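Enquirer: What follows is a structure written as structure tokens; I'll ask about it next.
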Amino acid sequence: MSHDVHKTGDIEILYEDNHLLGITKPVNVPTQEDASGDPDLLTLLKQDLKERYNKPGNVYLGLVHRLDRPVGGAMIFAKTSKAASRLSETVRGRHFRKIYAAVVHGKLPARQGTLKHTLLKDSKTNTVTAVPKGTPGGKDAVLDYEVVGETDRYSLVHIELHTGRSHQIRVQMKEAGCPLFGDQKYGAKINKPGQQIALWSVIAALPHPVTKDEVMLQSLPAREFPWAEWPLDIYEKAFTLKI
1 MSHDVHKTGD
11 IEILYEDNHL
21 LGITKPVNVP
31 TQEDASGDPD
41 LLTLLKQDLK
51 ERYNKPGNVY
61 LGLVHRLDRP
71 VGGAMIFAKT
81 SKAASRLSET
91 VRGRHFRKIY
101 AAVVHGKLPA
111 RQGTLKHTLL
121 KDSKTNTVTA
131 VPKGTPGGKD
141 AVLDYEVVGE
151 TDRYSLVHIE
161 LHTGRSHQIR
171 VQMKEAGCPL
181 FGDQKYGAKI
191 NKPGQQIALW
201 SVIAALPHPV
211 TKDEVMLQSL
221 PAREFPWAEW
231 PLDIYEKAFT
241 LKI
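Heads up, the final residue of the sequence shown is numbered 243 in full-length UniProt numbering, and it's a clean run with no missing numbers.
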């Protein structure tokens, strides 16, 4: 299924063949070039492919999905334009499964459920708000969640995204009354500056664009606060995907 994990520079490679590159995105690295001018993942990976395979000229690497800058975890890229267009169809057809782990403040209204909102992005401020259905520019956002661990103050939540809206999990959890630990943008009143957001892409699973075999990337957050509030076996049990 997936190949041996190895490192390229500081970036862990979870899967690689002629068509796909699956990696663990480090936290606080932008997925693609942004106004900050900081080194971005797409550029770093292209440079690495160029060096590892001694390729002249430009290297192709297609962005299929995004993770917010502060978020880490499993992420897939296309190594050919053909793979990129097929993966875009997979994403549009909702055959690309994305499962996240999140630590939120407080307790959600139910152990498990589905959250549905209409979200509107303000590009000027790079913020997203929940708005009434039918608002011009608003997009439907749907996720399923299950609480898999609790402490007095926090809940560990398994989240499966059904839509890929900007800041979706962060806004929907805030709307449910449980902002993410460390989220400065959507939980400033409850989080302290400098805290790392507790949101991690644990599983990215999709049919291979050429062979159609299931490709599954798995990544777990580092064993540090607040993730380490729960034992590893909870993660191993709760964050597996039956294919």
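Glycine residues also receive a C-beta, built at the ideal position from the N, C-alpha and C atoms.
Small disclaimer: the values here were computed from a predicted structure and weren't measured.
Note down, in chain order, each residue of its chain lying with its Cβ closer than 6 Å to the Cβ of Val-59, except the 5 sequence neighbours on either side.
Expert: Hits under 6 Å: Lys-46, Leu-49 and Lys-50.
Enquirer: Determine the closest residue to Thr-69 out of Lys-174, Lys-139, Gln-184 and Lys-124, with distance taken between C-alpha atoms.
Expert: A quick correction: the sequence has Arg, not Thr, at residue 69. Ranking the options by Cα distance to Arg-69, first place goes to Gln-184.
Enquirer: Quick check on Leu-180: buried or exposed, where buried means 16 or more other Cβ atoms within 10 Å of its Cβ?
Expert: Buried, because 16 or more other Cβ atoms sit within 10 Å of the Cβ of Leu-180.
Enquirer: Output yes or no for whether 8 Å exceeds the beta carbon distance between Val-27 and Gly-72.
Expert: A contact, by the Cβ cut-off of 8 Å.
Enquirer: Spatial neighbours of Glu-160 within its chain, please: CB distance less than 6 Å, with the 5 preceding and 5 following residues excluded, ordered by chain position.
Expert: Taken in chain order, the residues that qualify are Ile-99 and Asp-144.
Enquirer: Bridge partners for Arg-97 per DSSP, in chain order?
Expert: BP columns for Arg-97 point to Ala-205.
Enquirer: By the three-class DSSP mapping on this structure, what secondary structure does His-3 have?
Expert: Any reading at His-3 needs caution, since the residue's pLDDT is 43, under 50, leaving its predicted position unreliable; the model's value is listed next. Coil.
Enquirer: Taking the alpha-carbon positions, what's the Gln-196 to His-162 distance?
Expert: Each residue's alpha carbon lies about 25 Å from the other.
Enquirer: Closer than 6 Å by C-beta to Leu-232: which residues in its own chain qualify, once you throw out the five before and the five after it? Chain order, please.
Expert: Nothing listed; no residue qualifies.
Enquirer: With distance defined between alpha-carbon atoms, name the residue in Phe-225, His-105, Val-142 and Ala-205 nearest to Lys-174.
Expert: Looking at the Cα atoms, His-105 is the closest of the given residues.
Enquirer: Could you tell me the distance, in whole angstroms, from the CA atom of Trp-200 to the CA atom of Leu-220?
Expert: Near 7 Å, if we compare the C-alpha coordinates of Leu-220 and Trp-200.
Enquirer: Would you give the residue range spanned by the beta strand (DSSP E) that Thr-118 belongs to?
Expert: Start and end: 112-122.
Enquirer: Does the distance from the C-beta atom of Gly-138 to that of Val-131 stay below 8 Å?
Expert: Result yes, Cβ atoms of Gly-138 and Val-131 sit closer than 8 Å.
Enquirer: Could you check where the alpha helix (DSSP H) with Gln-47 kicks off and where it finishes?
Expert: That run of the alpha helix (DSSP H) goes 41-52.
Enquirer: For Phe-225, which of Tyr-53, Gly-182 and Met-216 has the nearest alpha-carbon?
Expert: When each option's Cα is compared against that of Phe-225, the closest is Gly-182.
Enquirer: Excluding the 5 residues preceding and the 5 following Gly-177 in the sequence, name in chain order all residues of the same chain whose CB lies nearer than 7 Å to its CB.
Expert: If we look at Gly-177 and ignore the five residues flanking it on each side, its Cβ neighbours are Gly-106.
Enquirer: How about Trp-230 and Leu-156: are their beta carbons less than 8 Å apart?
Expert: For Trp-230 and Leu-156, yes; Cβs fall inside 8 Å.
Enquirer: Quick check: what's the CA-CA separation for Ile-23 versus Ala-188?
Expert: Between Ile-23 and Ala-188, the C-alpha separation is close to 30 Å.
Enquirer: Helix or strand or just coil, what does DSSP make of Asp-140?
Expert: In this structure, Asp-140 counts as strand in the three-state DSSP scheme.
Enquirer: Could you check the C-alpha separation between Trp-227 and Gly-149 for me, to the nearest Å?
Expert: Trp-227 and Gly-149: Cα-Cα distance of roughly 11 Å.
Enquirer: Please name the residue, chosen from His-158, Leu-63 and Ala-222, that lies closest to Thr-240 on a Cα-to-Cα basis.
Expert: Cα-wise, what sits closest to Thr-240 is His-158.
Enquirer: Let me confirm a value: Gly-170 is counted as buried when at least 16 other C-beta atoms fall within 10 Å, else exposed. Which label applies?
Expert: Looking at the sequence provided, one finds Arg at residue 170 rather than Gly. Arg-170 comes out buried.
Enquirer: Taking 8 Å as the cut-off, decide whether the C-beta atoms of Val-103 and Ala-204 are in contact.
Expert: The answer is no: Cβ separation not under 8 Å.
Enquirer: Identify, in the order they occur along the chain, each residue of the same chain with its Cβ nearer than 7 Å to the Cβ of Asp-38, setting aside the five sequence neighbours on each side.
Expert: Pro-30.
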